[in-house]
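In this note's numbering, the protein residues as written are 181 to 403.
Structure first, then comments.
Have a look at this one:
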């Protein structure tokens with residue numbers, strides 16, 4: 181019977197002391213270069229499972245996302261990162277878990293479901309990859325499937341400004357994080373319908389040039 185080698189890794193489903201230390205240090209390191217404006221923090225549930233769905237512009241997105249909320253965010257990370265010896269044991273302690281991109285990764289999907297089963301916040305980028313300034317692309321339905329299976333809310337998070345890091349140095353780079361009201365699955369709703377509701381809500385809070393394919397909702401679209 182095939183056993184996924186990732187099963188040998190020991191994942192924490194809570195905020196470990198190591199994770200708290202790393203987040204604390206990131207706050208110190210990024211304070212001189214990032215002016216973070218957090219809006220709507222009250223919209224994030226204080227406990228219980230939730231999917232945090234954000235737009236994805238750069239690899240720096242995860243830093244203001246985590247610094248914006250008190251709860252730990254559990255993210256998928258490129259599997260290649262876990263092959264580097266210095267990182268091999270650390271991502272699991274940080275809440276990160278490996279995913280093989282470009283293919284259907286059942287292990288990563290099951291692990292994401294476990295994060296929600298433990299009542300934690302699962303960070304997802306529904307687009308699946310960075311937009312690199314081209315605006316939102318068509319989102320995948322994985323986030324919605326997970327929320328439907330766990331019967332938990334999806335909290336859209338709009339992140340703006342991470343593409344400007346280090347371009348304004350020594351001036352601080354402004355980054356805005358908007359946490360939107362939770363979107364609850366409707367009875368009998370499909371993953372595609374839920375995905376569209378999340379993405380159009382997210383697009384409305386982004387600058388016009390970042391909305392991409394979700395710039396204009398179809399006529400009669402049900403929010």
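Beta carbons are placed, not taken as given, at the ideal position from N, Cα and C, and that holds for glycine.
Looking at the backbone, the Cα of residue 403 and that of residue 287 are separated by about 32 Å.
Take residue 243, set aside five residues on each side of it, and the residues of its chain with a beta-carbon closer than 7 Å to its own are 206 and 210, in chain order. Rounded to the nearest angstrom, the gap between the Cα atoms of residue 251 and residue 301 is 7 Å.
Rounded to whole angstroms, the separation of the alpha carbons of residue 351 and residue 308 is 31 Å. For residue 243, the enclosing alpha helix (DSSP H) has its first and last residue at 242-247. Contact check for residue 229 and residue 299: beta-carbon distance about 5 Å, within the 8 Å limit, so the pair qualifies. Boundaries of the alpha helix (DSSP H) harbouring residue 375: 371-384, taken from the DSSP string.
When rounded, the separation of the alpha-carbon atoms in residue 336 and residue 376 is 12 Å.
Relative to residue 231, the option among 367, 394, 384 and 325 whose CA is nearest is 325. In chain order, 231, 233, 327, 363 and 378 place their CB closer than 6 Å to the CB of residue 334, counting only its own chain and leaving out the 5 sequence neighbours on each side. When C-alpha distances from residue 236 are compared across 303, 197 and 322, the shortest belongs to 303. Approximately 6 Å separates the beta-carbon atoms of residue 317 and residue 392; this is inside 8 Å, confirming the contact.
Going by beta carbons, residue 218 and residue 340 fall outside the 7 Å limit. The three-state secondary structure of residue 215, taken from DSSP, is strand.
In its chain, beyond the 5 residues on either side, 203 and 253 have a beta carbon closer than 7 Å to the beta carbon of residue 246. Check the Cα spacing between residue 294 and each of 380, 276, 311 and 281: the tightest is with 276. By alpha-carbon distance to residue 331, the top candidate from 360, 359, 354 and 296 is 296.
Residues of the same chain with a CB within less than 8 Å of the CB of residue 285, apart from the 5 flanking positions on each side, are 279 in chain order. According to the DSSP secondary-structure assignment, residue 303 is paired through a beta bridge with 232 and 255. Nearest in C-alpha terms to residue 345, of all of 198, 214, 305 and 360, is 214. If you check the CB distance, residue 198 and residue 273 come in under 7 Å. Cα atoms of residue 342 and residue 241: separation of roughly 6 Å, rounded to the nearest angstrom.
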